Amino acid sequence: GKKVIIIGAGGVGNVVAKKCAMNPAFFSEVVLASRTLKKCDAIAEEAKKIGLPTQIQTRQVDADDVPALVALFTTEKPFMVINVALPYQDLTIMDACLATGVHYMDTANYEPKDVAKFEYSWQWAYQERFKEAGLMALLGCGFDPGVTGVYTAYANKHYFDEMHYLDIIDCNAGDHGKAFATNFNPEINIREITQKGKYWENGQWVEIDAMSIHKPISYPNIGPKESYLLYHEELESLTKNFPSIKRARFWMTFGQAYLTHLEVLQNVGMTSIQPIKFNGLDIVPLEFLKAVLPEPGTLGENYSGQTSIGCQIKGVKDGKDATYYVYNNCHHADCYKEVQAQGVSYTTGVPAMIGAALICEGTWLKPGVYNVEEFNPDPFMELLNVHGLPWNEEVNGELPHEY
Ligand code: NDP
């Protein structure tokens, strides 16, 4: 096994740290570092209590601070870093990796704090530097992005000569019992869904008003749920890496109560990222809102119901029309039982552990900056079945989302 440092001790960091600590064959040492040390300590303590084989070590670090990261990596000498802090820290952590010879992985693309702009350009620009340094950066290795890219690569490898239509469908049919909460970092989540929607069609992006296209989609073992067309970052890399795709869309379910809360918050200005003056202080309303909302890591207890995320693809194989649907359903309560997490943190943290395992083993290790769909999907798909996210597939069968 290899030594890893995980940065970020939130909902996802909790899952990644425990999953790594469960798998000493891949990870000989597990260090969890974050801005607030006591969150790392609490996770390490729990891991000990549930009897995980590897003891999680904890460190404090501000990942906005490159010299602090360089000092941490120089002392710890990890093989790689798993970044599950916030997208704002992607570039500082990549810089520190380059300075110290450490491989890199994350689950969300870089965003500048002052504009909600989701694109890979900033991180893809590191390609030559990582290649020259003999280091790897694997981008977007959670569920979506992450598993959705692996699913698409798997479909392409085994079931299509040419993929034409891709729909990623993401349902959370869970109930955490709170009036309003987000399942991952509220600031990042609200930035993502209040921006304009966007999908890929015939070689270009089509922009739509936020949440203006929606329809019921029938998810396996769940049934029909109203699903909204959003922009999601994997659409950018998937349409680039699979240029035969004519149309690519991303759909996500939202409950009516969630949407009503969001609408009110937006109307009163609470989701704005423009700083305002308050009692002489500069306050960003969205950051303040985050401070009053439940933390994603605390939603797990008593969370019922399940998630279902999958890829539905149409194209051709051997001159005939072909369809493929591959998905995972995950129960919130099972995640809580295993690692004291809710399903959204779990479905992100498990693939992050798997991606890191494939890098540590050397199976996916290659200098440069890559998205997951650029690698052989087969070993990743096998590990999903072993480590808690088994998948199902429908080959040329019925599709949940009608065209
Ligand atoms: P949380 O808000 O629960 O956790 C974020 C963690 O990062 C906190 O522990 C926070 O520390 C820490 N952090 C923030 N800023 C810094 C900093 N400057 N230095 C060190 N640590 C810092 O979020 P989640 O765990 O839900 O999400 C983590 C990441 O995973 C996000 O980037 C999110 O976008 C991504 N994600 C990806 C998904 C996918 O499928 N690909 C799905 C869900 C999430 P503190 O507590 O001190 O603030």
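Just so we're aligned: the sequence shown equals residues 2 to 404 in the UniProt record's numbering. Backbone N, C-alpha and C define an ideal beta-carbon position, used for all residues, glycine too. Only a predicted model underlies this, so the values are computations on that prediction, with no experimental measurement involved.
Contact check for Ser228 against Lys216 passes: the beta carbons are separated by less than 8 Å. A distance below 8 Å separates the beta carbons of Pro391 and Leu385.
Distances from the CA of Val17 to each of Asn157, Ala26 and Leu33 were compared; the closest alpha carbon is that of Leu33.
Each residue's CA atom was taken as its position, placing Phe74 and Thr101 some 7 Å apart.
Sequence-distant partners of Leu38 (beyond 5 residues in either direction) whose C-beta falls short of 7 Å from its own C-beta, in its chain, are Thr59 and Gln61. Contact between Ile191 and Val82 is absent: CB atoms are separated by about 27 Å, not below the 8 Å threshold. Not one heavy atom of the ligand NDP sits closer than 7 Å to the Cβ of Gln124.
The stretch 293-309 makes contact with the stretch 332-349: 3 or more CB pairs, one atom from each, lie closer than 8 Å.
8 Å or more divides the Cβ of Val373 from the Cβ of Gly350.
In the three-state reduction of the DSSP assignment, Ile223 falls in the coil class. Taking C-beta atoms under 8 Å as the contact rule, Pro380 and Ser219 fail to qualify, at a distance of about 31 Å.
Taking C-beta separations shorter than 8 Å and ignoring five residues to either side along the sequence, the partners of Ile214 in its chain run Gly198, Tyr229 and Leu230, following chain order. For Lys278, the enclosing beta strand (DSSP E) has its first and last residue at Ile277 to Phe279.
Judged by DSSP in its simplified three-state form, Gln56 adopts coil rather than helix or strand.
C-alpha of Ser35 to C-alpha of Tyr328: approximately 32 Å in a straight line. Looking at the backbone, the Cα of Tyr304 and that of Lys132 are separated by about 43 Å. Restricted to the stretch 281-333, the alpha helix (DSSP H) segments that are unbroken, complete and at least 4 residues in length are 286-293, listed in chain order. Taken through DSSP and simplified to helix, strand or coil, Glu403 comes out as coil.
Ranked by Cα distance from Thr195, the first of Glu120, Ile223, Gln313 and Met271 is Met271. Restricting attention to Leu87, Lys78 and Asp168, the CA atom closest to the CA of Lys315 is found in Asp168.
Apart from the 5 residues on each side of it in sequence, Phe27 sits with its Cβ closer than 6 Å to the Cβ of Gly2, Ala358 and Cys361 in its chain, given in chain order. A residue is called buried once 16 or more other Cβ atoms fall within 10 Å of its Cβ, and Leu239 is buried on that count. Excluding residues up to 5 positions away in sequence, Val285, Pro286 and Leu287 lie with their Cβ nearer than 8 Å to the Cβ of Ser273 in the same chain.
Cβ atoms of Ala249 and Trp201 come within 8 Å of each other, at about 4 Å. CA-CA distance, Tyr325 to Ser245, rounds to 16 Å. Lys4 sits in a strand when the DSSP states are folded into three classes. Thr195 has its Cβ no nearer than 7 Å to any heavy atom of the ligand NDP.
Excluding its 5 nearest sequence neighbours in each direction, Cys331 has C-beta neighbours in its own chain below 7 Å: Gln307, Thr308, Gly344, Tyr347, Thr348 and Leu390, listed in chain order. Taking every protein chain shown into account, the CB of Glu403 has fewer than 16 other CB atoms within 10 angstroms, so this residue is exposed.
DSSP places Ser35 in the uninterrupted beta strand (DSSP E) bounded by Phe28 to Ser35. Taken from the Cβ of Thr272, every heavy atom of the ligand NDP lies 7 Å or farther away. Out of Val370, Glu188 and Tyr160, the CA that lies nearest to the CA of Val293 is found in Glu188.
Cα atoms of Ala45 and Lys4: separation of roughly 16 Å, rounded to the nearest angstrom.
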